[in-house]
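What follows is a short report on a single structure.
In the working numbering, the protein residues as written are 54 to 451.
Quick look at the structure:
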């Protein structure tokens, strides 16, 4: 790999032992992907923040970085953290977070702030074409697909190394030729394309089929970016998808020719309503009793999504024994709790939280509208409307 004089100096230790170690990590990783050089980044997002008791090795390195008094060179955010507003409801979960205080102190010391899996909804929103180093699969696919910035799916610690050095290796989706669509997905006419439950189910199927190839979807040019967010998160769960092109919607797919870079698709896949039903059955865990927890918002909800959900809860009351979680970032949480919507929220009995939805799964059973949550945990997969109905009227399957 070609290195600039400054990069060579860092690698050789003239800027200190820890920067040298981090540079060696990036160079070795880049070499393994055949990268010819490093490039400067404008933004980073890390998953190295949960404080879970099984990440001791990574936490140790993070602490050493903080002790070396290094600072991130670019805007860097992190995934959601535990929400102490619900210490009673989540008492079963909190003992897992033995490293939380140390890791939060270390992240603060190196300059990381903002804890959400949707950093583009706060102030970490890079521009079209920017090189970035993001972890969190649902965030990466949104960055690449909707913002048109460029990042590979980085891993914990690598993302911190990139943020400290302000660089990443030039390979994968940072290169234009690797952003070309490979598989065309066509949706049958009987699929309601305005239905979010359909779109997240389609996302699960696309991820399975595409793997690491770039999918192109036609027929969804009128959907919202919130819907693209949720479809993309599902695709990134069942596959290694980090970029999707939605013809007529996403910035690198204004038309068919642009999405495929004037080439033809390697494969064409037609998705039917039966395919959607099958994929739902595959990933939904059906319990013989109603849920203890219902979570909405994986990825975390935007302000508009939260407002729409609270409106649907108006005049309804969550049944006793059910925790109904509405997951969003802290900025939206605080905004709602200082608005007229707070009264509807309190009257409904729902919990508005900045927690990661995947951490609301105890005790089971869990029901969710999130395709991603269903992939990563044993949850029942339902539409938002059905989740609300189950929470307020009971589960007809009991």
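Here a beta-carbon is modelled for each residue, glycine too, at the ideal position from N, C-alpha and C.
Please go through the same chain and pick out, in chain order, the residues whose beta-carbon is closer than 7 Å to the beta-carbon of residue i, but skip the five residues on each side of it.
i           : result
residue 172 : 98, 130, 192
residue 195 : 173, 282, 285
residue 403 : 366, 371, 377, 379
residue 186 : 94, 97, 204, 207, 212, 215, 216, 221
residue 232 : 226, 267, 296, 305
Can you tell me whether DSSP reads residue i as helix, strand or coil?
i           : result
residue 220 : strand
residue 55  : coil
residue 189 : coil
residue 249 : helix
residue 431 : coil
residue 79  : helix
residue 91  : strand
residue 370 : coil
residue 232 : helix
residue 176 : coil
residue 124 : coil
residue 109 : helix
residue 262 : helix
residue 146 : coil
residue 161 : helix
residue 117 : helix
residue 426 : helix
residue 152 : coil
residue 210 : coil
residue 197 : helix
residue 442 : helix
residue 136 : coil
residue 74  : helix
residue 244 : coil
residue 141 : coil
residue 447 : coil
residue 66  : coil
residue 463 : Outside the shown range of the chain, which is 54 to 451, sits residue 463, and nothing can be said about it.
residue 254 : helix
residue 85  : helix
Pull the bridge partners of residue i from the DSSP assignment, please.
i           : result
residue 129 : 97
residue 239 : 271, 323
residue 168 : 131
residue 184 : 203
Using only the alpha-carbon positions, how far apart do residue i and residue j sit?
i           : j           : result
residue 364 : residue 390 : 14 Å
residue 324 : residue 255 : 8 Å
residue 316 : residue 310 : 7 Å
residue 170 : residue 82  : 25 Å
residue 100 : residue 162 : 16 Å
residue 189 : residue 132 : 7 Å
residue 422 : residue 164 : 34 Å
residue 271 : residue 158 : 46 Å
residue 151 : residue 135 : 11 Å
residue 416 : residue 146 : 9 Å
residue 6   : residue 247 : Beyond the ends of the chain as shown, which are 54 and 451, falls residue 6; an answer cannot be given.
residue 526 : residue 160 : Coverage of the chain is limited to positions 54 through 451, which leaves residue 526 absent and any answer about it impossible.
residue 273 : residue 352 : 20 Å
residue 342 : residue 266 : 39 Å
residue 304 : residue 278 : 12 Å
residue 143 : residue 261 : 33 Å
residue 360 : residue 445 : 18 Å
Ordered along the chain, which non-local residues of its own chain (more than five positions away) have a Cβ less than 8 Å from that of residue i?
i           : result
residue 139 : 404, 406, 408
residue 64  : 56, 73, 76, 77, 80
residue 182 : 201, 202, 203
residue 437 : 249, 250, 349, 362, 365, 422
residue 419 : 344, 345, 346, 347, 348, 413, 426, 430, 431, 432, 433
residue 374 : 345
Please list, in chain order, all residues of the same chain as residue i whose beta carbon is under 6 Å from its beta carbon, the five residues on each side excluded.
i           : result
residue 394 : 363
residue 312 : 234, 269, 298, 300, 306
residue 354 : 381
residue 237 : 269, 318, 321
residue 356 : 385
residue 126 : 219
residue 84  : 54
residue 92  : 184, 223
residue 119 : 159, 162, 163
residue 86  : 224
**Prompt:** At what residue ranges does the region 276-364 contain a whole run of the beta strand (DSSP E), taking only runs of 3 or more?
**Reply:** 320-324, 346-354
**Message:** Runs of 4 residues minimum, wholly inside the region 375-421: which ones carry the alpha helix (DSSP H) assignment?
**Reply:** The qualifying runs are 383-390, 394-401.
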